Amino acid sequence: MIVDIMLPYYGSVPLMQAAVRSVMAQSDPGWRLTVVDDGTEPGVPEWFAGIDDERVRYQRNERNLGITANYRKCVGLAEHEYLVMMGTDDIMHPNYVATVRSVIEQYPGVGMVQPGVEVIDADGTVVNTIVDLAKRRLYAPRIDSRELMGGEDLAASLLRGCWFYFPSICWRTDAIKAVDFREEFQVIQDLALVIDLIQRGEQMAVDDTLCFQYRRHAVSKSSADAVNGSRFTEARAFFIDVARRMDEQGWPRAARAARRYTSSRVHAITMLPTAVLSGKMAGVRSLSRHAFGPGR
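Numbering (the numbering used here), first residue to last: 1 to 296.
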């Protein structure tokens with residue numbers, strides 16, 4: 001089995017090169033890397049031309065497509081049964097492909113595989129942020145090495161607190177192609193995609209083997225959107241809609257979790273002081289509504 005590793009690239013050249021090198025250092029040779037360049041950084045095509053490995057494919061878009069459209073293009077280019085949508089600044093440990101292939105062998109046809117992840121900062125230092133500690137200690141399921149999850153249990157767990165790391169997930173290609181990415185979402189796109197898959201009956205295998213590094217930057221689009229409140233306007237609309245869908249699905253626990261959206265409310269509360277100090281009053285109002293308003 002070959003795992004398609006898709007890398008929708010835009011941004012830092014050195015970080016992208018580190019990501020590519022980490023793929024090429026895999027202990028298991030069963031992978032193919034496809035880099036889709038959505039930028040115009042000089043020297044990048046030449047750098048890829050110098051890679052002597054037929055498993056590495058590179059192409060540059062004729063025009064900038066933007067994040068969602070480039071993700072869609074990457075998914076469309078995947079040809080094997082499973083794919084990874086790797087972040088352009090993330091790092092795979094050498095055992096990543098071996099780990100996810102082992103999980104898939106145990107659970108043939110599984111829709112998603114979430115392996116063990118550690119978080120690094122912009123300099124590559126392993127860090128433990130409050131957000132990531134909460135993910136691990138409050139929201140992530142307690143598993144014994146490896147576990148298969150799905151249905152209302154998985155939906156309710158993720159709606160209480162989104163504990164997965166999108167770029168580290170290995171997806172069954174036909175499953176992710178069937179649902180596509182939501183046009184109306186930017187920051188919460190990943191959770192929307194996974195909930196859609198769960199509603200279609202897909203399951204997630206969770207494995208605690210550490211094999212991936214997720215890079216969390218101090219300044220990002222999501223953090224900027226958090227301060228001005230737009231992140232939570234999007235999130236609130238999502239949770240209200242999902243609560244309705246969970247009711248229709250006959251999943252009352254998941255519906256309650258969506259209406260409470262506890263972790264998202266707590267996040268909004270933690271951002272309020274920053275919004276107040278920055279004088280972003282529209283953000284203050286949006287954050288307050290999300291943190292303290294009704295879940296409908």
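Even for Gly, the Cβ is constructed at its ideal location relative to N, Cα and C. Note that the structure is predicted; figures quoted are calculated from it, not measured.
- The stretch 55 to 62 and the stretch 31 to 38 touch, with three or more beta-carbon pairs separated by less than 8 Å.
- With at least 16 other beta carbons inside 10 angstroms of its own, L154 counts as buried.
- Three or more Cβ pairs closer than 8 Å define a contact, and the stretch 37 to 56 falls short of that threshold against the stretch 128 to 138.
- Non-local beta-carbon contacts of L83 in its own chain, meaning distances under 6 Å to residues more than five positions away in sequence, involve D4, M6, W171 and T173 in chain order.
- Below 8 Å, too few C-beta pairs join the stretch 92 to 110 and the stretch 188 to 200 to call them touching: fewer than three.
- Three or more Cβ pairs drawn from the stretch 81 to 97 and the stretch 12 to 27 lie within less than 8 Å of each other, which places the two stretches in contact.
- In the three-state reduction of the DSSP assignment, D153 falls in the helix class, which pools H, G and I.
- With contacts defined by Cβ atoms closer than 8 Å, W251 and E152 form a contacting pair.
- Per DSSP, T34 is one residue of the beta strand (DSSP E) stretching across W31 to D37.
- The beta carbon of V266 lies closer than 6 Å to none in the same chain, with the five residues before and after it left out.
- Where R72 is concerned, the enclosing alpha helix (DSSP H) starts and stops at I67 to L77.
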